[in-house]
Amino acid sequence: MTQHWPAGEIARMILDGFDDYREHFRRITLGARERFEQARWQDIQRAAAARINLYEQKVGEVNGWLRDGFDEEVLLEVEQWPLVKSAYIRLIDPRLDDELSETWYNSLFCSLFSHDQINDGCMFIHTTRPSIRNHERAAQTRTYTPDGSLKGLLRAIFCDYAFAYGDLEHDLSRLEEQLRDCLPDWVCKDPALAVELFVPVLYRNKGAYLVGRLYNSDEQWPLVIPLLHREGHGIEADALITDEAEVSIIFSFTRSYFMVDVPVPAEFVNFLKRILPGKHIAELYTSIGFYKHGKSEFYRALINHLASTDDRFIMAPGVRGMVMSVFTLPGFNTVFKIIKDRFSPSKTVDRATVIDKYRLVKSVDRVGRMADTQEFADFRFPRAKFEPECLAELLEVAPSTVAVEGDTVLVRHCWTERRMIPLNLYLEQASEGQVLEALEDYGLAIKQLAAANIFPGDMLLKNFGVTRHGRVVFYDYDEISYLTEVNFRHIPPPRYPEDEMSGEPWYSIGPHDVFPEEFPPFLFADMGQRRLFSRLHGELYDADYWKGLQASIREGKVIDVFPYRRKGR
């Protein structure tokens, strides 16, 4: 008699673990409104970090359930796992979050087996889910029409999205004026004009966001209305945004993840994709907290790109890193970063520290100034997809991470980030006006990171990039630290005239000491850029400025950093 192999039981235990994860994820998410209404800003930051860490925590728990519940020899019989996958598919078919449950299954499989066991027979390399969900469910959007009055339309919206508004009439008048400024007059008067808003509110940091679209019979525009809690003055509708580029920035890869309760994630992502067609669905899933599924969609897009194009990996443009080696695909808007086996002598960090720094970025408030990352293990690429010079360099600088196995290149560990133009290269080609804008934003990036308790450490221009929207973003994390860990000092006056002529400092320097007065020659070789930056952001060269930020952070102050332009507020 053939022994029963417990495929169904294993599948059920994996899905039970997913239900437990989703329940905890949803509980944290549903607390966002109360935290916003009560202005519990530090609790918001803690909740965001807890929700990010929840996934790996729950995967670890379910891995333990499986190992405790089944004999290891049976559980790790990989040839039987296509049966688990089939049983799991039957279990998730009725679900409204079935695509997320596929990613969860993949995570559990990878926690049990080495990555060379990955194949579509045992895992969901390709999704089995339809893009449109046809299950019975409540409507996810609300539609409003002006009936001759834009202010009446806005009033109807704010009746449905009820908060303790401080001065709603003033907000309605201001938003109506902004709406008329955003759209042509004939659109505002079009009887076919309508607004469609997603029912759940999106929360992030100190803001809440109503998200949807304006449309008529011919066109559509994205629509975002940010709400702010002015402590002591109630909730305020801060702006009305219809520009696609600005809305895209709100959903940027440089931002923390939104808290929003989405019963049908695929439907909401498809809704966002309609108003932001330039965004990949991987980025949209990630933006609402499903970063592991965003990683799945990224991987699927990558293997599809490799299979359908002649693109080959090359070394990324820019100055070679002292800690990381970076390569890219010209037609795929991503860089791949690996840790070198040996660092430049000036670097004092080790491999474990670099990994910790990059993982830290995942859980902190990136304030629109740090690129999100995805961490991967055991990537396998066709050797033919590498330019020979690129592969040779990777094998030279990171032989413990990159290996050739026949016709395959194995990358044992890497991070992916959005590709940007390195700031130093951008400035070389920029016009005078572009240089001014870039240096202004470079200084703002440093200040906003610092106010969020992040000190970049290595602030060289090459470690910042310029996005397609012209924003300056930090992307090299091997030396970041919390600002409050740094000891900012003034350079002591020389003891003797000879001290100033000496090549050695006449004062002691501790491991956490930073002297902002030394920044100008360190950051800028170009004297014109150095003078311009001093005029724009000279306070960054003063230790007292940094100490003041540290004092504010220690007092528990949470800064306001808005993901939309001030002129729209």
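Using the numbering used here, read the sequence shown as starting at 1191 and increasing by one per residue.
Don't be surprised by glycine CBs; every beta carbon is placed ideally from N, CA and C.
(message) Classify residue 1655: buried if its beta carbon has 16 or more other beta carbons within 10 angstroms, exposed otherwise.
(response) Here residue 1655 refers to the residue found at position 465 when the sequence shown is read from its first residue. So residue 1655 ends up on the buried side.
(request) Would you mind sorting residue 1560 into buried or exposed? The rule is 16 or more other CB atoms within 10 Å of its CB. (result) Taking the first residue of the sequence shown as 1, we reach residue 1560 at position 370. That one is buried.
(request) Have a look at 1363, 1194, 1447 and flag the residue whose alpha-carbon is nearest the alpha-carbon of residue 1236. (result) For the purposes of this step, residue 1236 is identified with residue 46 of the sequence shown, where counting begins at 1. Checking every option, the nearest Cα to that of residue 1236 belongs to 1447.
(request) May I ask you to list the residues that DSSP assigns as paired with residue 1565? (result) Residue mapping note: residue 1565 aligns to position 375 of the sequence shown, counting from 1. Residue 1565 is bridged to 1605.
(request) Could you check which residue in 1532, 1227, 1724 has the C-alpha nearest to that of residue 1424? (result) Numbered from its first residue, the sequence shown carries residue 1424 at position 234. Ranking 1532, 1227, 1724 by Cα distance to residue 1424 puts 1227 first.
(request) Using the Cα positions of residue 1368 and residue 1749, report the straight-line distance between them to the nearest angstrom. (result) Counted from its first residue, the sequence shown places residue 1368 at position 178. Counted from its first residue, the sequence shown places residue 1749 at position 559. Those two C-alpha atoms are separated by around 26 Å.
(message) Going by DSSP, what residue range makes up the beta strand (DSSP E) through residue 1524?
(response) For the purposes of this step, residue 1524 is identified with residue 334 of the sequence shown, where counting begins at 1. Unbroken beta strand (DSSP E) run through residue 1524: 1522-1529.
(request) Look at residue 1452 and residue 1412 and say whether their C-beta atoms are less than 8 Å apart. (result) The sequence position of residue 1452 within the sequence shown is 262, counting from 1. The sequence position of residue 1412 within the sequence shown is 222, counting from 1. No; because the gap between Cβ atoms is not below 8 Å, this pair is not in contact.
(request) Return the CA-CA distance between residue 1704 and residue 1438, expressed in angstroms with no decimal places. (result) Numbered from 1 along the sequence shown, position 514 holds the residue referred to as residue 1704. Numbered from 1 along the sequence shown, position 248 holds the residue referred to as residue 1438. If you take the alpha carbons of residue 1704 and residue 1438, they lie about 36 Å apart.
(message) Please classify residue 1419 as buried or exposed, where buried requires at least 16 other C-beta atoms within 10 Å of its C-beta.
(response) Looking up residue 1419 in the sequence shown gives position 229. With 16 or more Cβ atoms within 10 Å of its Cβ, residue 1419 is classed as buried.
(request) Return the Cβ separation of residue 1351 and residue 1400 in integer angstroms, given the expectation that the two are a contact with Cβ distance under 8 Å. (result) What you label residue 1351 is simply residue 161 of the sequence shown in a count that begins at 1. What you label residue 1400 is simply residue 210 of the sequence shown in a count that begins at 1. The Cβ separation is near 6 Å, so the contact holds.
(request) Spatial neighbours of residue 1567 within its chain, please: CB distance less than 7 Å, with the 5 preceding and 5 following residues excluded, ordered by chain position. (result) Working through the sequence shown from its first residue, we reach residue 1567 at position 377. Contacts found: 1305, 1602, 1603.
(request) Grab me the residues of residue 1336's own chain with a C-beta within less than 7 Å of its C-beta, minus the 5 sequence neighbours each way, in chain order. (result) To locate residue 1336, count along the sequence shown from 1; it is residue 146. Only 1342, 1343, 1383 meet the Cβ criterion.
(message) With H, G and I counted as helix, E and B as strand and the rest as coil, what does DSSP make of residue 1375?
(response) Taking the sequence shown and counting its residues from 1, the one referred to as residue 1375 is at position 185. Reduced to three states, the DSSP call for residue 1375 is helix.
(message) Check this for me: beta carbons of residue 1528 and residue 1574, under 8 Å apart or not?
(response) Looking up residue 1528 in the sequence shown gives position 338. Looking up residue 1574 in the sequence shown gives position 384. The answer is no: Cβ separation not under 8 Å.
(request) Please report how far the alpha carbon of residue 1686 lies from the alpha carbon of residue 1533, in whole angstroms. (result) On the sequence shown, position 496 is the one that residue 1686 refers to. On the sequence shown, position 343 is the one that residue 1533 refers to. If I take the Cα positions, the gap works out to 37 Å.
(request) Report the residue ranges of all alpha helix (DSSP H) runs contained in full by the stretch 1388-1433; include only those spanning at least 4 residues, in chain order. (result) none
(request) Can you check the stretch 1269-1294 for any alpha helix (DSSP H) of at least 4 residues that lies completely inside it and give the ranges in chain order? (result) 1271-1282
(message) I'd like to check one pair, residue 1743 with residue 1674: are the Cβ atoms closer than 8 Å?
(response) The residue given as residue 1674 occupies position 484 in the sequence shown. The residue given as residue 1743 occupies position 553 in the sequence shown. Their beta carbons are under 8 Å apart, which means residue 1674 touches residue 1743 by this criterion.
(request) For the beta strand (DSSP E) containing residue 1514, list its first residue and its last residue. (result) Residue mapping note: residue 1514 aligns to position 324 of the sequence shown, counting from 1. That run of the beta strand (DSSP E) goes 1514-1519.
(request) Counting only the same chain and skipping the five closest in sequence on each side, list residues whose C-beta sits under 8 Å from that of residue 1260. (result) The residue given as residue 1260 occupies position 70 in the sequence shown. Taken in chain order, the residues that qualify are 1196, 1199, 1200.
(request) May I ask you to report which of helix, strand or coil DSSP gives residue 1614? (result) For this step, residue 1614 is matched to residue 424 along the sequence shown. Of the three classes helix, strand and coil, the one that applies to residue 1614 here is helix, per DSSP.
(request) Report buried or exposed for residue 1294, applying the criterion of at least 16 other Cβ atoms within 10 angstroms of its Cβ. (result) On the sequence shown, position 104 is the one that residue 1294 refers to. With 16 or more Cβ atoms within 10 Å of its Cβ, residue 1294 is classed as buried.
(request) Mark residue 1494 as exposed unless 16 or more other C-beta atoms lie within 10 angstroms of its C-beta, in which case mark it buried. (result) Here the question's residue 1494 lines up with position 304 in the sequence shown. It is exposed - the Cβ of residue 1494 has fewer than 16 other Cβ atoms within 10 Å.
(request) Could you name the residues of the same chain whose beta carbon sits closer than 7 Å to that of residue 1480, not counting the 5 residues immediately before and after it, in chain order? (result) Residue mapping note: residue 1480 aligns to position 290 of the sequence shown, counting from 1. Excluding positions up to five away in sequence, the list reads 1290, 1455.
(request) May I ask you to list the residues that DSSP assigns as paired with residue 1493? (result) To locate residue 1493, count along the sequence shown from 1; it is residue 303. Paired residue(s): none; residue 1493 is not in a bridge.
(request) Would you check if the stretch 1541-1558 and the stretch 1632-1652 touch, i.e. whether three or more CB-CB distances between them fall below 8 Å? (result) yes
(message) Just to confirm my understanding: we take residue 1547, look at its own chain, exclude 5 residues before and 5 after, and list those with CB closer than 6 Å. What are they?
(response) Along the sequence shown, one-based indexing puts residue 1547 at 357. Within the same chain, residue 1547 has close Cβ partners 1667, 1668, 1670.
(request) Use the C-beta contact count for residue 1312: other C-beta atoms within 10 angstroms, 16 or more gives buried, fewer gives exposed. (result) Taking the sequence shown and counting its residues from 1, one reaches residue 1312 at position 122. By the neighbour-count rule (16 or more Cβ atoms within 10 Å), residue 1312 is buried.
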